[in-house]
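Quick note: to get this note's numbering, add 261 to the position in the sequence shown (first position is 1). Notes follow the structure.
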Amino acid sequence: MNRFKEQAMKIVFMVAACASVLAVFLICLFLFANGIPAIAKIGPLKFLLGTVWKPSNDKFGIFPMIIASIYVTGGAILVGVPIALFTSVFMARYCPKKIYRPLKSGIELMAGVPSIVYGLFGMLFFVTALKWKFSILAGAFTLAIMILPVILRTTEEALLSVPDSYREGSFGLGAGKLRTIFKIVLPAAVPGILSGVILATGRIVGETAALIYTAGTVAKIPNSAFSSGRTLAVHMYLLANEGLHVNQAYATAVILLILVIGINTLSSFIAKKISKA
């Protein structure tokens, strides 16, 4: 009976895994089947490197949206990762038990807040109160706050998963607590930390609600951090919502998917290199 249950559960697990892979494959197939012909019709170079988006003049360049996506993503990562890293170190190694529970509960609460609420906060605080207006900077800071729980969770788990023998060996050689953390514990936890960064990057790249309220929807290359910009995800949402250029929305989705795959592949490559070193 137990053997039958074990075999049945193996089949269930296999079916679940196949269903997950199949779902991802079908989504990619659907996007590429609809997006590639649209890109070919416009012209790959014209579509990717075109700096003007004016469908009325037959101009469908998404280069400004690519640049805005890179700026917002890079800004959010630069702001959010150091804060999340230092907070995770504090929680894993320095935080008193009385503070740990409320802090952990607050992080869990932040993870469940809808992105549109973050967008409303960003509009009221960064755009209005700080007078940054609709800008790349306002969008980046809003997304940095939004990704904190994701990076905090994975980073803390990565730090706690480092064997105690590493720290004990460092202490035995005379190293202090701070030196042990930065020289021994953090390098050993880098693959786990990068996993959190990859997850956060995926959420940033695909975010729309928070950016509409903070970064704006101007389809031009941002001149500065205080310029408004339209990311690829926002651009795709607007096109699909208008219903006038659905094929171009599919084409944008293909570029967005390739961008996410490229970022994930690069991050995984860096993580492997660092872990081997």
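Just so you know, even glycine gets a beta-carbon here, dropped at the ideal spot from N, CA and C. Remember, it's a predicted structure, so these values are computed and weren't measured experimentally.
7 angstroms Cβ shell around residue i - same chain, five flanking residues per side excluded
i           : result
residue 521 : 463, 466
residue 334 : 462, 465, 466
residue 376 : 407, 468, 470, 471
residue 479 : 489, 490, 491
residue 379 : 403, 406, 407, 471
Reduced DSSP category for residue i - H, G, I as helix; E, B as strand; rest coil
i           : result
residue 315 : strand
residue 392 : coil
residue 481 : coil
residue 324 : helix
residue 462 : helix
residue 476 : coil
residue 278 : helix
residue 489 : coil
residue 356 : coil
residue 499 : helix
residue 418 : helix
residue 505 : coil
residue 470 : helix
residue 375 : coil
residue 433 : helix
Identity of the residues DSSP links to residue i by a beta bridge
i           : result
residue 365 : Answer by DSSP bridge pairing: none, since residue 365 is not bridged.
Spatial distance of residue i from residue j (CA atoms)
i           : j           : result
residue 283 : residue 272 : 16 angstroms
residue 431 : residue 420 : 15 angstroms
residue 493 : residue 510 : 9 angstroms
residue 475 : residue 348 : 25 angstroms
residue 400 : residue 383 : 7 angstroms
residue 296 : residue 393 : 36 angstroms
residue 357 : residue 343 : 21 angstroms
residue 433 : residue 423 : 17 angstroms
residue 498 : residue 515 : 13 angstroms
residue 353 : residue 417 : 6 angstroms
residue 459 : residue 267 : 34 angstroms
residue 454 : residue 427 : 18 angstroms
residue 444 : residue 486 : 34 angstroms
residue 270 : residue 281 : 16 angstroms
residue 294 : residue 504 : 19 angstroms
residue 306 : residue 403 : 32 angstroms
residue 512 : residue 291 : 11 angstroms
residue 439 : residue 302 : 58 angstroms
residue 300 : residue 308 : 7 angstroms
residue 528 : residue 279 : 25 angstroms
residue 388 : residue 437 : 43 angstroms
residue 523 : residue 500 : 24 angstroms
residue 415 : residue 396 : 29 angstroms
Buried versus exposed, by CB contacts within 10 Å (16 or more), residue i
i           : result
residue 355 : exposed
residue 326 : buried
residue 491 : buried
residue 338 : buried
residue 519 : exposed
residue 286 : exposed
residue 274 : exposed
residue 477 : buried
residue 495 : buried
residue 321 : buried
residue 370 : exposed
residue 276 : exposed
residue 435 : exposed
residue 398 : buried
Same chain, Cβ closer than 6 angstroms to residue i, five either side skipped, listed in chain order
i           : result
residue 386 : none
residue 368 : 410, 413
residue 450 : 419, 420, 423
residue 481 : 325
residue 525 : 459
Residue i Cβ short of 7 angstroms to the ligand ATP heavy atom set
i           : result
residue 482 : Ligands displayed in this structure: none; no statement on the ligand ATP is therefore possible.
Residue-chain proximity (residue i, chain D), Cβ-Cβ < 8 angstroms
i           : result
residue 441 : This model lacks chain D altogether; it includes just one protein chain.
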